[in-house]
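> Can you keep this structure in mind? I'll have questions shortly.
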Amino acid sequence: CGPPVRVDATPFPDPSGLQATTYAIASWQIICNITKPKPQAARCCVSFSAFYNDSAIPCNTCACGCKDIDTDTCNANARPLLLPPDTLLVPFDNRTLKAKVWAKQKHMAVPKKLPCPDNCGISLNWHLNSDYGNGWSARITVFNWGNNAVEDWFGAVDLGKAG
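Numbering (the numbering used here), first residue to last: 29 to 191.
Shown next as structure tokens:
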């Protein structure tokens, strides 16, 4: 905001309810410009797995951006490869061999140019543990792959169509 500038005294109705106008002792005008903050790239992503499916859906390719990635060696627009659930426990750089072996076992196509990593320092895995007649249970696991502070965070789950 800019500095205050003194202006003519501001009139306002008399608080007693009489048809009178009272003037402020002094009035100032302050001009503020509202700016929108620049959107920030995501810093975390979510992968999904479930007891009834032997493949896990990893975080999206470049979920947290691909600005520092050499896209000559990977495809920034490719969908991520399905993985065996235990592969989510290792950093992305160590997943390539497991992903290729899994794809071969499951008869899934592997592109010549593999998808780029998600580039997220933090990832969450949503795992559906079990399905019961009157409800089900899930687990959320947080993976911190770097020196990222994970403080003052919360999780919210909307299960609007689950019932």
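C-beta: ideal position from N, C-alpha, C; glycine also.
Give, in chain order, every unbroken run of the alpha helix (DSSP H) that is at least 4 residues long and sits entirely within the segment 91 to 168.
124 to 133
> Throw me the rounded Cβ distance for the Ser55 and Asp42 pair, which I believe falls under 8 Å.
That belief does not hold up - the Cβ atoms of Ser55 and Asp42 are roughly 17 Å apart, past 8 Å.
> Restricting to Cα atoms, I'd like to know which of Val33, Asn61, Thr63 and Lys128 is closest to Thr115.
Lys128
> Going by beta carbon distance, what residues of the same chain come within less than 6 Å of Val172, once the five residues before and after it are set aside?
For the sequence presented, residue 172 should be read as Asn rather than Val. For Asn172, where only same-chain residues beyond five positions count, the Cβ hits under 6 Å are Ile150 and Val178.
> Short check: CB of Cys87 to CB of Lys141, under 8 Å?
Taking 8 Å as the Cβ cut-off, Cys87 and Lys141 do not qualify as a contacting pair.
> Taking the alpha-carbon positions, what's the Cys144 to Gln57 distance?
53 Å
> Leaving aside the five residues before and after Asn153 along the sequence, list all residues of the same chain whose C-beta is less than 6 Å from its C-beta, in chain order.
Ser75, Leu116 and Thr169
> Who does Ile85 pair with in a DSSP beta bridge?
Phe76
> Which residue comes first and which comes last in the beta strand (DSSP E) that contains Pro31?
Careful: Pro31 lies outside any beta strand (DSSP E) and carries neither H nor E.
> Would you give the residue range spanned by the beta strand (DSSP E) that Ser55 belongs to?
Ser55 -> beta strand (DSSP E) spans Ser55 to Gln57.
> Can you tell me the Cα-Cα spacing of Ser44 and Tyr51, whole angstroms?
14 Å
> What are the partner residues of Pro39, as DSSP defines its beta bridges?
Tyr51
> Buried or exposed, going by whether 16 or more other CB atoms sit within 10 Å of the CB of Arg107?
exposed
> When the Cα atoms are used, what is the spatial distance from Ala160 to Ile97?
For the record, residue 160 in the displayed sequence is Tyr; it is not Ala. Spanning the two alpha carbons is a distance of roughly 43 Å.
> Consult DSSP for Phe182 and reduce its assignment to one of helix, strand or coil.
coil
> For Ile59, tell me which candidate among Pro31, Asn105, Asp146 and Ser165 has the shortest Cα-Cα distance.
In terms of Cα proximity to Ile59, the closest of Pro31, Asn105, Asp146 and Ser165 is Pro31.
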